[in-house]
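Worksheet: one structure, shown below.
Protein chains: 2
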Amino acid sequence: MKLSVKAKYGLTACINLAENYEKGNLTVSQLSGKVGTTDKFLEQIMAMLKKAEVVSSTRGAFGGYTLTKSPKETTVGQILRAVEDNLQIIDCMGAECKCNEPCSSQVVWVSLQKTINDYLDSITLDSLIKGEK
Amino acid sequence: MKLSVKAKYGLTACINLAENYEKGNLTVSQLSGKVGTTDKFLEQIMAMLKKAEVVSSTRGAFGGYTLTKSPKETTVGQILRAVEDNLQIIDCMGAECKCNEPCSSQVVWVSLQKTINDYLDSITLDSLIKGEK
DNA sequence: TAAAATCCTATTGATTTAATTGGAATTAAA
DNA sequence: TTTAATTCCAATTAAATCAATAGGATTTTA
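Order-wise, the sequence lines are chains A and B. Taking this note's numbering, the leading residue of the first sequence gets 457, the next gets one more, and so forth. Taking this note's numbering, the leading residue of the second sequence gets 457, the next gets one more, and so forth.
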């Protein structure tokens, strides 16, 4: 049950955007330097964050990305769900389950999923950049 | 962040062993029928569970598998860690982290890891087969 | 009009997953 | 003592996913 590097790069990028929230835009190439990946790969990750409305962009020269909402209102859960296929831990969880019979372990997947989402939604970017637990 | 099918097959197998705990052994081929996979694939999963001492085996004719400890003492966390590479959600988490600087998001990975493990260790096989939440 | 930037889409190489295959070793019963 | 049933061990493979690379189109400011 590994998180992909998109989670790591996406969260790190958003932490940088949070630190810069009052100051304005950051470009992909500014962010990729901080994050430690290529512009082209981070572009794709930023596109996912934008689609989920976690970040907003302005195009053209002097453009870049900002957080859509303030660091206090942006949670780690919002970010990770945007870049990690909704953080879904298993396919077999709802009506789309292909099991013959309702499987006895499904209650575990459903409750674990909720535990993960609730926990990650309890962490805001603001708390992270202020170094709170 | 998907669980593999080993998690699903492994947990389902263990639930079946829990239901049979007073009655004795179950063979791989009995279990694979319940679980919905092939004998040969389930064999590999049972080997992982055995290595982690979640299950015990007896070889030869009339052999098979049982839970090492009672359903009350066996947790879902023990099972999933056995078959899912210790449930480790990201490589970059301890001394082995390859980051230049200690990354600002590491606190999230460490605390999420603990949240997942603690939650899954709070669920016993006994509670599952009795249908408790 | 030129430079800087996001946006869009396709391809690729490496890794991981989910099996499949073929047998060796062990044990109980006939 | 042989046979059938079973776990144990190790290698291979096909398909899927991941992480990146590539090439350009579009938009905006100076």
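Here a beta-carbon is modelled for each residue, glycine too, at the ideal position from N, C-alpha and C.
Is there a C-beta anywhere in chain B that falls below 7 Å from the one on residue i?
i	result
residue 530 of chain A	no
residue 467 of chain A	yes
residue 543 of chain A	yes
residue 502 of chain A	no
residue 494 of chain A	no
residue 539 of chain A	no
residue 583 of chain A	no
residue 471 of chain A	yes
Using 10 angstroms around the beta-carbon of residue i, count the other beta-carbons present and answer buried if the total reaches 16, otherwise exposed.
i	result
residue 520 of chain B	buried
residue 500 of chain B	exposed
residue 514 of chain A	exposed
residue 526 of chain B	exposed
residue 480 of chain A	exposed
residue 587 of chain A	exposed
residue 516 of chain A	exposed
residue 561 of chain A	buried
residue 528 of chain A	exposed
residue 578 of chain A	exposed
residue 570 of chain A	exposed
residue 418 of chain A	In the structure as shown, chain A starts at 457 and stops at 589, and residue 418 of chain A therefore has no counterpart that could be examined.
residue 468 of chain A	buried
residue 576 of chain B	buried
residue 507 of chain A	exposed
residue 580 of chain A	buried
Where does residue i fall in DSSP's three states?
i	result
residue 511 of chain B	strand
residue 468 of chain A	helix
residue 575 of chain B	helix
residue 520 of chain A	strand
residue 482 of chain A	strand
Examine chain A for any beta-carbon lying closer than 7 Å to the beta-carbon of residue i, and answer yes or no.
i	result
residue 575 of chain B	yes
residue 498 of chain B	no
residue 457 of chain B	yes
residue 571 of chain B	yes
residue 566 of chain B	no
residue 561 of chain B	yes
residue 535 of chain B	no
With hydrogens ignored, establish whether the beta-carbon of residue i is closer than 6 Å to any heavy atom of the ligand COA.
i	result
residue 503 of chain A	Judged by which ligands are present, the structure shown has none, so any question about the ligand COA falls away.
Can you tell me the Cβ-Cβ gap for residue i and residue j, rounded? I've got them flagged as a contact below 8 Å.
i	j	result
residue 564 of chain A	residue 532 of chain B	6 Å
residue 545 of chain A	residue 458 of chain B	6 Å
residue 474 of chain A	residue 536 of chain A	That belief does not hold up - the Cβ atoms of residue 474 of chain A and residue 536 of chain A are roughly 15 Å apart, past 8 Å.
residue 524 of chain B	residue 510 of chain B	6 Å
residue 471 of chain A	residue 568 of chain A	Not quite, the Cβ-Cβ distance comes to about 26 Å (not below 8 Å), so this is no contact.
Exercise for the section: Tell me, please, whether the stretch 541-551 of chain A touches the stretch 484-502 of chain A by the rule of three or more beta-carbon pairs shorter than 8 Å. Expected result: no
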